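Single-structure report; data block below.
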Amino acid sequence: MPVKTTDSVVSTNSLYKAYQLADAEVEVLKDVNLNVVRGEFVAICGPSGSGKTTLLNLISGIDRPTSGKVIVLGQDLTVQDEDFLAEFRCRNVGFVFQSYNLVSTLTLAENVAFPMEWSRKPEAEIEARVAELLETVGLQHRANHFPAQLSGGEQQRVAFARALANDPELILADEPTGNLDTKNGQKITQVLKMLKANGKTVIVATHDPEIMCLADRSLCLEDGRLASQNE
Amino acid sequence: MSKTDFPVNDLLRRKLQTSLTFISLTTCVASTLFLLLFSDQIGFGITSVTQNTLTIGYWAIFSNFLVFVGILVFAVGAVIISFITFLMMAQRTRDFGLIKAAGCPNSLVFSYFFTELLMVTFLGCILGVTVGFLTDYAVINMSGFQAYQKAPNFWFAPLVFVTFFVFSLIFGLKPILNAAKLSPTAAMSPMQYFGLSEGNRFKALSKSRLTLKIASRSLFRRQSTTVRIVVFLSIVFMLLTVSIAGSIIATGTTTTRIEKAIGKDLLLVAHKDMGTQYISLLAKFSGATEKTDFNYLDPNFALTEDVFQQLNGISGIANFGKRLVYEGQIQEVMNFTYSDSATIPIGAYREADSLIVGIEPENVLSEWFIEGRFLKNSNSSEALVGDSIAALTFEMPLLQSFRMQNATLNIVGVCLDPINNGVVVFVPFKMLKNLNNVSNPNIMLVQLDSSVNKETIIMQMQERLTNVNMDLAVFELNEVLKKNVGFLGAIWSVIMFLPLFSLVAATLCLIGYLVLVINEQRQEFAVLRAMGAKPTTVLAILAVQSLIVLFSSFAVGISLGVMGTLMILTPQPVVTSFTILEIAAWLLVAVFGMFLLSLWPAIRFAKKPILKIMS
């Protein structure tokens, strides 16, 4: 899949998203214009229901905007079909959910490996990469365990390892410390620091002050609008 | 909210699941009721023997089949109902917990779900009874069985209704009662409502592809439900194998036996009245009636030597089979046998009216299926008896003899011949000549060379016969053969039609199972899609699960089915390589049809947007 090597990794233009609920239309995002450049670490904050998750979903191509454009790595995601978006996410976007969302029937190693299997990487390369990523998040000794045998913090670290499997340009994390205690939250912050140091483009939806401090830029969403931008 | 508002709304909210349960119930009840009504009306009921149609030998084959298939249809119905009601109510365990957690008393929650169960099972069973009656009416009136029907036995309706209604309630109540005993938290746990096994960490197929890995491990994780569906589908496939393999083999066997007994491509030469009577006697098997008070030994019916001389000159005639046919009385002769130094009497002195057919043992054109042996020669005092008279008049026919017009004949074989529905004895023609003081036959069967033009020969024969006697005629036996074979085919078609009900219900259950699988793995599928899986990957995982379940059941079901078929098959079945291919093709069509239909919810699900799956 050709990816343009411009400095802009994410660019949204007049992004608008509304959901139809029963008789009423709920506007979640209104006129959101955002530009994230390569290697930038952006934190998005805002109260519950302000549209943080929706914004990340639109950037990853999981959801489609009602109007406006989402351009990621030079591709306009709003005009692509499901198969294109799936492959695009697999190769270029790493997504970390608040509730980890590991596949319960797969071991940790298998959870990390499956995005690489879809990219048809050689088996030897997959094995080496899985070992490397699990070591990075400090869970190499648990490779053959199932998610249910891990704590929340450990599962979230595996979720980061999975997001990094195909070495994507863009990492999106939706409140990655939201379900964790302080100690485990700090471990996740360490992982994010490492991503920043490696020059990855990261967008994190968070309330965590430590992560906000780590960010190059913090954006605040209020009632679906980007209300402030703090450099 | 009233006690009925909630159940009605809840059932309407789960449209797919409610309809699956409802249709499965209806199908099971309808198929069982239809089976009972049809077999009773057509005369293959467990207690009745129809003597107006079919010989006893053929009747026994059908009867064995219907009883066996009937037991299986009932077993499938019971298992389907237990599975589908269990599935329906097990999926409400979570809601049970949620409502209890919101402060609703246990008894009220129980009554909500019990009302739902009552509504679905009652309506499903009522509709099943209606569909069962309608199907029976349609089959009896539209497939050539009108002549044999009697009024349906309406008592079957309450019997089937009550049986299945009670079954449904028992199996449907189990998960609600279990949920009532649980705390709200436990009831809301997926471990409960998806039947997941907590400690299963079996790394099934760890070296295989991701699709197979996720699919197989999910099946292991859902052990209790997976085992249920595999057991149930195995019984369905057993039923399918027995009915498909059994009916194809039995159709081939019975058809071959009829063809050989009547004779394929044979012509009949006789006085036109005698010929018509003989054909009616052959077609009595499939419902025709012959003339009563018919004088078979009327001198006008005699085929004199002139007739043979005329026909002998026609090239293309391969062989003749002379027969003297008339009605008479036979009397069973009591006999004795020895066992452990004791003398055991066999039979009595029962009398019966029978068709008596004199044949030339050296020159017969029929090839009967015989238990025992054929007549030795024209001079022997031996007889072959038809299967019906053997069963009705003799205790151990092969050890007995009978008296006829002051002569005693030893029974050396029991044969299957449709003429006069098997109420027939075949004796040497020479002997009958002496007994009746008749020197000529009244029937002649003619076999032509396979290479000749039949129409031309018939015309030549007719011409020459007219020279002897204007009333002599040539009849083709193929038509009566076709009618009899068609009649057999129609009955087998109905028997093969029975498992179709079970197949439909089984497919619905498999769809229900896949709906459960989808619900359980919904979140995981959404994550896989978010991580870059294409919709086809999700479809593939679901398809693999369906295939594993189907093929494991298929393997077990077929093995049991083959055993069942061998148990009820007729002796010396006619099995060719084409028969085996035909059976395999039907079974494969059934399994692939089920597989494709089961994918319907998976296809619908795979098309959904990721966020809709997650919500």
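Sequence lines, in order, name chains A and B.
Just so we're aligned, residue 352 is where the first sequence starts under my numbering, counting upward by one.
Just so we're aligned, residue 45 is where the second sequence starts under my numbering, counting upward by one.
Ideal Cβ positions, reconstructed from N, Cα and C, are used throughout, including at glycine.
Keep in mind the model is a prediction, meaning the values are calculated, not measured.
Item to complete: Report all residues from its chain with a CB closer than 8 Å to the CB of Cys441 of chain A; omit the five preceding and five following residues, and keep chain order.
Response: Pro466, Trp469, Ser470 and Asn517
Discussion item. Suppose you measure from the CA of Asn339 of chain B to the CA of Ile374 of chain B; what does that come to, to the nearest Å?
Written reply: 18 Å
Item to complete: Give the straight-line distance between the Cα atoms of Ser250 of chain B and Arg265 of chain B, rounded to the nearest whole angstrom.
Response: Model confidence at Ser250 of chain B stands at a pLDDT of 48, short of 50, so the residue's coordinates are unreliable; what they give is reported in the following sentence. Taking the straight line joining both Cα atoms gives about 15 Å.
Fill in: Phe598 of chain B to Thr387 of chain B span [Cα, whole Å]
53 Å
Worksheet item: Helix, strand or coil for Tyr51 of chain B per DSSP?
Response: The question names Tyr, yet the displayed sequence has Pro at residue 51 of chain B. Three-state result, Pro51 of chain B: helix.
Discussion item. For a contact defined as C-beta to C-beta under 7 Å, what are the partners of Glu568 of chain B on chain A?
Written reply: Val454 and Ser455
Worksheet item: Which class does Val488 of chain A belong to by DSSP, given the choice of helix, strand or coil?
Response: coil
Worksheet item: Quick one: Cα of Ser603 of chain B to Cα of Val111 of chain B, how far?
Response: 20 Å
Item to complete: Leaving aside the five residues before and after Gly605 of chain B along the sequence, list all residues of the same chain whose C-beta is less than 6 Å from its C-beta, in chain order.
Response: Met282, Thr285 and Val286
Discussion item. DSSP three-state label for Ser260 of chain B, please.
Written reply: helix
Discussion item. On the DSSP letters alone, give me the boundaries of the beta strand (DSSP E) that Ala182 of chain B sits inside.
Written reply: Run containing Ala182 of chain B: none in the beta strand (DSSP E); it sits in the alpha helix (DSSP H), Asn150 to Met186.
Discussion item. Please classify Met503 of chain B as buried or exposed, where buried requires at least 16 neighbouring CB atoms within 10 angstroms.
Written reply: exposed
Practice prompt. Evaluate Ile624 of chain B with the Cβ neighbour count: other Cβ atoms within 10 Å of its Cβ, from every protein chain shown; 16 or more gives buried, anything less gives exposed.
Written response: exposed
Worksheet item: To the nearest angstrom, how far is it from the Cα of Val73 of chain B to the Cα of Val210 of chain B?
Response: 12 Å
Discussion item. Can you give me the C-alpha to C-alpha distance between Asp574 of chain A and Ser399 of chain A, rounded to a whole angstrom?
Written reply: 10 Å
Item to complete: Counting only the same chain and skipping the five closest in sequence on each side, list residues whose C-beta sits under 7 Å from that of Arg25 of chain B.
Response: Nothing can be reported for residue 25 of chain B: it is not among the residues displayed for chain B, which extend from 45 to 659.
Practice prompt. Report all residues from its chain with a CB closer than 8 Å to the CB of Ala550 of chain B; omit the five preceding and five following residues, and keep chain order.
Written response: Val120, Ile124, Phe276, Leu277, Val280 and Met638
Fill in: The alpha helix (DSSP H) enclosing Asp525 of chain A, as first and last residue numbers
Here Asp525 of chain A belongs to no alpha helix (DSSP H); instead the beta strand (DSSP E) covers Leu521 to Asp525.
Worksheet item: Mind pulling the beta strand (DSSP E) runs of 3 or more residues that sit fully within the stretch 452 to 511 of chain B?
Response: 468 to 472 and 487 to 492
Item to complete: Evaluate the contact criterion for the stretch 477 to 485 of chain B versus the stretch 365 to 372 of chain B: three or more CB pairs, one atom per stretch, below 8 Å.
Response: yes
Item to complete: In the DSSP assignment, find the unbroken beta strand (DSSP E) run with Gly331 of chain B in it and report its ends.
Response: It is not in any beta strand (DSSP E) - Gly331 of chain B carries neither H nor E in the DSSP assignment.
Discussion item. Residues in the same chain with beta-carbon distance under 7 Å from Leu453 of chain A, minus the five sequence neighbours each way, listed in chain order, please.
Written reply: Asn462, Pro498, Gln506, Val509 and Ala510
Discussion item. Given a cut-off of 9 Å on the beta-carbon distance, is the pair Leu69 of chain B and Thr129 of chain B in contact?
Written reply: yes
Worksheet entry | Euclidean distance between Cα positions of Ile323 of chain B and Asn513 of chain B | 20 Å
Item to complete: Leaving aside the five residues before and after His496 of chain A along the sequence, list all residues of the same chain whose C-beta is less than 7 Å from its C-beta, in chain order.
Response: Thr458 and Leu459
Worksheet item: Is the beta carbon of Glu303 of chain B less than 9 Å from the beta carbon of Gln321 of chain B?
Response: no
Worksheet item: How would you write the range of the alpha helix (DSSP H) that Asn356 of chain B sits in, first residue to last?
Response: Glu349 to Asn356
Worksheet item: Where does Arg447 of chain B fall in DSSP's three states?
Response: strand
Worksheet item: At which residues does the beta strand (DSSP E) containing Ile390 of chain B begin and terminate?
Response: Ala386 to Ile390
Fill in: Whole-angstrom C-beta distance between Met563 of chain A and Ala336 of chain A, which should lie under 8 Å
No answer is possible for residue 336 of chain A: the residues shown for chain A start at 352 and end at 582.
Worksheet item: For Asp694 of chain B, does the count of other Cβ atoms within 10 angstroms reach 16, so buried, or fall short, so exposed?
Response: The question about residue 694 of chain B has no answer, for chain B in this structure spans 45 to 659.
Worksheet item: Mapping DSSP to helix, strand and coil, what is Gln449 of chain A?
Response: coil
Discussion item. Taking its Cβ as the centre, do 16 or more other Cβ atoms sit within 10 Å of Thr43 of chain B, making it buried, or is it exposed?
Written reply: A question about residue 43 of chain B goes unanswered here, because the residues of chain B that appear run from 45 up to 659.
Worksheet item: Which runs of the beta strand (DSSP E) fall wholly inside the stretch 406 to 458 of chain A and span at least 3 residues, in chain order?
Response: 418 to 423 and 444 to 447
Discussion item. Applying the 10 Å Cβ sphere with the 16-neighbour rule, what's the burial state of Met575 of chain B?
Written reply: buried
Item to complete: Under 8 Å by Cβ, that's how I've got Ala314 of chain B and Ile501 of chain B pegged, so tell me the actual separation to the nearest angstrom.
Response: So it is not a contact: roughly 17 Å between Cβ atoms.
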